[in-house]
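Asker: Here the protein sequences line up with chains A and B, keeping their order. Sequential numbering from 1 applies to the first sequence in UniProt numbering. Sequential numbering from 1 applies to the second sequence in UniProt numbering.
Protein chains: 2
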Amino acid sequence: MDLKIAIQGIKGSFHHQVAQQYFGESILLEECDSFNEVVRALKANRSEKAVMAIENSIAGSILPNYALIDKNDLHIIGEYYLDIHMNLMALKGQKMEDIKEVHSHPIALLQCEVFFSQHPHIKLVESIDTAETAHRIQKHNLKGIAAVAAPIAAQMYDLEILAAGIHTIKSNKTRFVVVKTKNKELPKEEINKASLKFELDDTPGSLATVLNVMNNCKLNLTKIQSLPIIETPFQYAFFVDVIFEKYKHYEKAKKLLEIMTTHFKVLGEYKQGKP
Amino acid sequence: MDLKIAIQGIKGSFHHQVAQQYFGESILLEECDSFNEVVRALKANRSEKAVMAIENSIAGSILPNYALIDKNDLHIIGEYYLDIHMNLMALKGQKMEDIKEVHSHPIALLQCEVFFSQHPHIKLVESIDTAETAHRIQKHNLKGIAAVAAPIAAQMYDLEILAAGIHTIKSNKTRFVVVKTKNKELPKEEINKASLKFELDDTPGSLATVLNVMNNCKLNLTKIQSLPIIETPFQYAFFVDVIFEKYKHYEKAKKLLEIMTTHFKVLGEYKQGKP
């Protein structure tokens with residue numbers, strides 16, 4: 001039976017691209033309107049796993065998605081780094097000079113600023129979603145209009161790519177995580193990365209002490225992000241990702257952190273993705 | 001002469017509200033289309049200072065603005081924490097039952113999800129900006145349409161607030177920074193906070209060592225955020241905010257960090273805002 005995967009967005013989105021590249025082609029996609037809806041799909045068992053964008057090399061952490069994972073006790077069971085490639089696409093047979101308007105998500109348009117400054121005759125129109133715009137062009141046979149979207153959108157909606165890789169900053173990586181409601185996907189030997197959350201009092205040096213312990217246990221930090229706890233001033237929460245070679249080292253650190261920090265929580269234990 | 005302050009957005013925006021509360025009422029506002037435009041206004045001396053949102057208690061750091069400050073060598077000379085209050089506003093005399101549509105920025109609409117779920121007869125329409133929508137309602141005398149925007153927008157565009165504080169998560173703080181092209185606003189005695197950026201090799205424990213040094217110099221961390229340096233794998237950059245009681249302690253730490261880290265940079269030295 002095909003694996004059911006929930007994503008935010010529709011077929012042809014970057015989330016769809018990640019789901020395909022991570023799980024292979026034979027998946028059943030549950031298209032959700034929002035990340036909240038993705039969580040509901042998992043909890044209602046309509047989908048077994050979900051793919052969620054979690055941080056971007058340009059815009060940073062997507063904290064609302066961290067909060068969703070945390071609040072709903074989801075587990076991160078894998079990660080995937082996608083190089084975001086923006087492509088200009090239109091109905092087959094359309095040429096660059098036929099295009100009068102380009103529709104896409106505001107962020108996608110912004111990321112292609114330099115390209116469009118070289119084509120000043122094209123009017124930029126903001127839309128809700130990259131893939132939905134591609135879909136709309138196909139559905140209504142819209143001539144003179146192009147979309148900026150993922151390569152997979154051209155494939156899904158039978159469009160022709162007029163220009164590939166039109167984003168300004170060429171290294172535009174987004175990190176996605178694979179989540180589910182239950183943990184323990186992998187045998188311990190295959191786990192070499194973990195995402196942790198903990199809180200610390202505002203005692204001087206408390207974070208340094210925690211990092212020293214991690215270092216002594218041979219854990220290597222790949223990400224750290226502090227966030228103030230709104231209800232409790234002078235109390236901080238941290239999202240931390242660590243990589244390690246031996247699970248037993250990580251287990252030892254985990255025991256120490258449980259004692260040294262408050263509200264210690266493992267958001268996920270998984271195999272490191274290729275950055 | 002009135003102080004010229006650049007903001008992203010128009011009169012009645014949250015940036016405008018911060019500019020007024022930080023500098024007082026007698027400012028000349030330079031309304032900019034984008035944060036890039038804000039930077040241009042400063043560099044061309046059209047404005048002396050600018051106000052920029054830098055992090056949000058819900059969405060986290062606004063890394064593109066960090067990047068703008070860093071890349072353009074701007075200096076943070078102050079900070080301000082604003083409690084974001086979303087208000088529903090319409091033409092004077094309009095009642096709640098008259099409202100058929102609410103227009104606002106998608107994020108603002110999302111932040112008021114629970115309120116609108118209690119008013120299912122109202123259609124939600126996404127627009128580019130909160131304040132611009134309020135302005136449009138006034139300009140075209142639009143009946144039956146309300147905007148979600150800052151209280152100051154109602155004041156600017158002579159609208160009536162139909163419902164105040166309609167955002168779901170009540171503690172929705174945004175941190176703004178005040179920036180200019182030259183540093184040294186304040187005498188050393190008044191400075192008790194600094195924003196720093198530095199890079200570290202991926203040697204185990206390098207961050208813990210740096211934090212230990214800060215701690216020994218009596219610097220207290222209020223924010224830490226790692227970001228991978230895209231061009232250099234296994235090299236990390238950190239944005240760090242520290243508070244301190246004595247400037248000389250901070251000066252000592254600065255000298256040590258210059259030696260211990262690479263690309264050490266002070267993004268700003270200023271007086272801590274009230275969180």
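C-beta: ideal position from N, C-alpha, C; glycine also.
Just to confirm the assignment, what range does the beta strand (DSSP E) spanning A/K197 have?
Answerer: It spans K193 to D201 - the beta strand (DSSP E) in which A/K197 sits, taken as one unbroken run.
Asker: What separation, rounded to the nearest whole angstrom, lies between the Cα atoms of A/A208 and A/N87?
Answerer: Cα to Cα, the separation comes out at about 44 Å.
Asker: Report buried or exposed for A/I84, applying the criterion of at least 16 other Cβ atoms within 10 angstroms of its Cβ.
Answerer: Buried, since its Cβ has 16 or more Cβ neighbours within 10 Å.
Asker: What's the gap between the Cα of B/Y270 and the Cα of B/L219?
Answerer: One C-alpha to the other measures close to 14 Å.
Asker: Checking 9 Å against the spacing of the C-beta atoms, do B/G24 and B/A150 come in under that value?
Answerer: No, they are not a contact pair.
Asker: Let me know if A/L28 comes out buried or exposed under the rule of 16 or more other beta-carbons within 10 Å of its beta-carbon.
Answerer: So A/L28 ends up on the exposed side.
Asker: Using a Cβ-Cβ cutoff of 7 Å, what residues of the stretch 39–53 of chain B are near chain A? List them in chain order.
Answerer: Taking 7 Å as the Cβ-Cβ cut-off against chain A, none of the residues of the stretch 39–53 of chain B qualify.
Asker: Taking the C-alpha atoms as reference points, what is the distance between B/T130 and B/N65?
Answerer: Using only the alpha carbons, I get a separation of about 20 Å.
Asker: How long is the line joining the alpha carbons of A/L110 and B/E55, rounded to whole angstroms?
Answerer: Rounded to the nearest angstrom, the two C-alpha atoms are 20 Å apart.
Asker: As a quick exercise: from B/F239, B/D73 and B/K188, pick the residue whose alpha carbon is nearest that of B/K180.
Answerer: It is B/D73 whose Cα lies nearest to the Cα of B/K180.
Asker: If you reduce the DSSP assignment to three classes, tell me which class B/S226 lands in.
Answerer: B/S226: strand per DSSP, three-state reduction.
Asker: Here's the rule: buried if 16 or more other CB atoms are within 10 angstroms of the residue's CB, otherwise exposed. What is A/A44?
Answerer: So A/A44 counts as exposed.
Asker: Are A/I224 and A/V240 touching if we call contact CB-CB under 9 Å?
Answerer: Yes, the Cβ-Cβ distance between A/I224 and A/V240 is below 9 Å.
Asker: Taking the alpha carbon of B/P204 as the reference point, which residue from A/K254, A/F14 and A/V242 has its own alpha carbon closest?
Answerer: When each option's Cα is compared against that of B/P204, the closest is A/V242.
Asker: Residues of chain B with CB under 7 Å from A/K223, in chain order?
Answerer: Correct list: S226.
Asker: Determine the closest residue to B/H16 out of B/F176, B/Q235 and B/L200, with distance taken between C-alpha atoms.
Answerer: B/H16 has its Cα closest to that of B/F176, out of B/F176, B/Q235 and B/L200.
Asker: For a contact meaning CB atoms closer than 7 Å, what does B/A208 contact in chain A?
Answerer: Those within 7 Å of B/A208 in chain A are A208, L211, N212 and N215.
Asker: At 9 Å on the CB atoms, spell out the chain A contacts of B/G165, in chain order.
Answerer: Near B/G165 there are no residues of chain A at all, since even the closest Cβ is about 16 Å away, more than 9 Å.
Asker: Quick test of your reading: A/A146 and A/A90, contact by CB under 8 Å. State the CB separation rounded to the nearest angstrom.
Answerer: At roughly 4 Å, the Cβ-Cβ gap stays under 8 Å, so A/A146 and A/A90 are in contact.
Asker: Would you mind telling me which residues of chain A sit closer than 7 Å to B/N220, beta carbon to beta carbon, in chain order?
Answerer: Here the neighbours are P204.
Asker: Where does B/M156 fall in DSSP's three states?
Answerer: Three-state DSSP puts B/M156 in a helix.
Asker: Going by DSSP, what residue range makes up the alpha helix (DSSP H) through A/N65?
Answerer: That run of the alpha helix (DSSP H) goes L63 to K71.
Asker: In whole angstroms, what separates the C-alpha of B/L257 from that of A/K254?
Answerer: B/L257 and A/K254: Cα-Cα distance of roughly 30 Å.
Asker: Are A/N8 and A/Y80 touching if we call contact CB-CB under 9 Å?
Answerer: Per the sequence shown, the amino acid found at residue 8 of chain A is Gln instead of Asn. No; because the gap between Cβ atoms is not below 9 Å, this pair is not in contact.
Asker: Whose C-beta lies closer than 7 Å to the C-beta of A/L132 among residues of the same chain, with five residues either side of it excluded?
Answerer: Residue 132 of chain A is actually Glu in this sequence, not Leu. Cβ neighbours of A/E132 beyond the five flanking positions: I10.
Asker: Enumerated in chain order, which unbroken segments of the alpha helix (DSSP H) with a length of 4 residues or greater are wholly contained in the stretch 73–130 of chain B?
Answerer: Runs of the alpha helix (DSSP H) inside the stretch 73–130 of chain B: 106–110 and 113–117.
Asker: Here's the rule: buried if 16 or more other CB atoms are within 10 angstroms of the residue's CB, otherwise exposed. What is B/I77?
Answerer: That one is buried.
Asker: Since B/T133 sits in a beta bridge, which residues does DSSP pair it with?
Answerer: None, per the DSSP bridge assignment.
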